[in-house]
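Following: one structure in structure tokens, then a few remarks.
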Amino acid sequence: MDFGGPASLGLMLAVVGMALLAASLRVASVGRSYRRRMENILALAGQPIDPLDLPAAAWPDLCAGGWRRMRWGGSWFGQPVSGLLEDREHGGQPRTRPLRFALSSGDEVELRLELVHAARWGENRVFAEHLARVFALLLETRLHARTEALSAALAERARLSLYLQHDMRNLAQWVLWVSADFAGAETAAAMQAAARRLRDNAALAQERAERLIDALGKRYETEAAARVDLRLAAARAAQLAGIDLAIVGEASAWVSPHLLTRTLDNLFTNLAQAWRDGSPSMLEIRLAAGAATVELAFFSPLPDGSPRLGAQKLFEPFSSGRPGGLGLGLYQARKSLREGGGDLRARPADDGVYFILDLPAAHPL
202 MDFGGPASLG
212 LMLAVVGMAL
222 LAASLRVASV
232 GRSYRRRMEN
242 ILALAGQPID
252 PLDLPAAAWP
262 DLCAGGWRRM
272 RWGGSWFGQP
282 VSGLLEDREH
292 GGQPRTRPLR
302 FALSSGDEVE
312 LRLELVHAAR
322 WGENRVFAEH
332 LARVFALLLE
342 TRLHARTEAL
352 SAALAERARL
362 SLYLQHDMRN
372 LAQWVLWVSA
382 DFAGAETAAA
392 MQAAARRLRD
402 NAALAQERAE
412 RLIDALGKRY
422 ETEAAARVDL
432 RLAAARAAQL
442 AGIDLAIVGE
452 ASAWVSPHLL
462 TRTLDNLFTN
472 LAQAWRDGSP
482 SMLEIRLAAG
492 AATVELAFFS
502 PLPDGSPRLG
512 AQKLFEPFSS
522 GRPGGLGLGL
532 YQARKSLREG
542 GGDLRARPAD
552 DGVYFILDLP
562 AAHPL
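This is the structure:
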């Protein structure tokens, strides 16, 4: 092939060199832009942002990198969550291959992430995918941090129980002593003397009991599933919590009595203050003909001064809706009910929360 001599060959090489230089400058410019966006996303790791708020915080940089849509959904401590962010300034949605991620942390948190880019290929698509993978890694790291915080708290609670066993034995011995004192009182004078001893020691015993409850929480041995009268179980739990609860309907469930007791105790104790401040609440027991499950439904008003939690936060550990609360009552209530084959659902309203307990229905004898 004749290139017309050395002059033409030199011109062609110069043109090729200029093209390569322009391409390298273009790639370098794109790379610098994506490096700035990458630094912005990495900076989110040092900010106190809730994991579920990370997509919105990172979206400006992801969108600037060419991503046109980001959708996520899954389960957040048993509560369904979902979200969608779109770039509406550029019109219609591109028909390109989406980039998908499956993120999880133990059996408590599971999220599916999907991103759609404007370009099918090219340097922009390559850099954007790296940007998206860094964001997905950051989000998954936050998920692990949140669930590991729960595991660490539970491990610390178990460690404290070893140190508090001696206090537990002392309190148990005091209860045995009081019981024996009253059981052995055969005269009115002896009964009065036992009552005075109980009065003198009650404050100390109460202090020890409150310390144990704060450190260990209430524990029950798990029983096998049995037929439970839901009306009676709800009435006893309400009486223990000191609340006035009107119960409508009746049915029986097939569930461990201790698991149901733990669930109702956590629910009613957690919500007792709200009920005391307002009018008596109503609990409705519903069982459809031939249904495999029975529902307990009630509404709890929002206590004065309590923060309003989003639906995704209701069952998240340590996200308390009560001033001074630990944020474990609803989490433990749902976990207990699920251990017994049921479930606990919640639907936030403007002035409170609707709770629905789903339980396996007991078959007629």
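Sequential numbering from 202 applies to the sequence shown in my numbering. Cβ atoms here follow ideal geometry from the backbone N, Cα and C, with glycine treated the same way.
Query: Cβ neighbours of Glu287 in the same chain (closer than 6 Å, five flanking residues each side left out); Result: Arg270
Query: 8 Å contact criterion, which Asp552 and Leu503 should meet: CB distance rounded; Result: 6 Å
Query: Where Glu341 falls: helix, strand or coil (DSSP); Result: helix
Query: Buried versus exposed call for Leu558 [16 or more other C-beta atoms within 10 Å across all chains shown]; Result: buried
Query: Distance, Ala550 Cα to Val317 Cα; Result: 34 Å
Query: Touch test, the stretch 341–350 against the stretch 233–252, Cβ-Cβ under 8 Å, three pairs minimum; Result: yes
Query: Other residues of its chain near Leu560: CB distance less than 6 Å, five sequence neighbours each side excluded; Result: Ala454, Val456, Val495 and Gly543
Query: The stretch 529–540 touching the stretch 300–308, judged by at least three CB pairs closer than 8 Å; Result: no
Query: Residue from Thr462, Ala434 and Thr464 whose Cα sits closest to the Cα of Ala452; Result: Ala434
Query: Asp551 in three-state terms, based on DSSP; Result: coil
Query: For Ile486, the three-state DSSP class (helix, strand or coil); Result: strand
Query: Endpoints, beta strand (DSSP E) assigned at Trp277; Result: Trp268 to Trp277
Query: 8 Å CB neighbourhood of Gly274 in its chain, flanking five on each side removed; Result: Pro281, Val282, Ser283, Gly284, Leu312 and Arg313
Query: Option nearest Asp308 by Cα separation, candidates Ala562, Ala337, Met392 and Leu351; Result: Leu351
Query: Counterpart residues of Ser283 in DSSP-defined beta bridges; Result: Gly274
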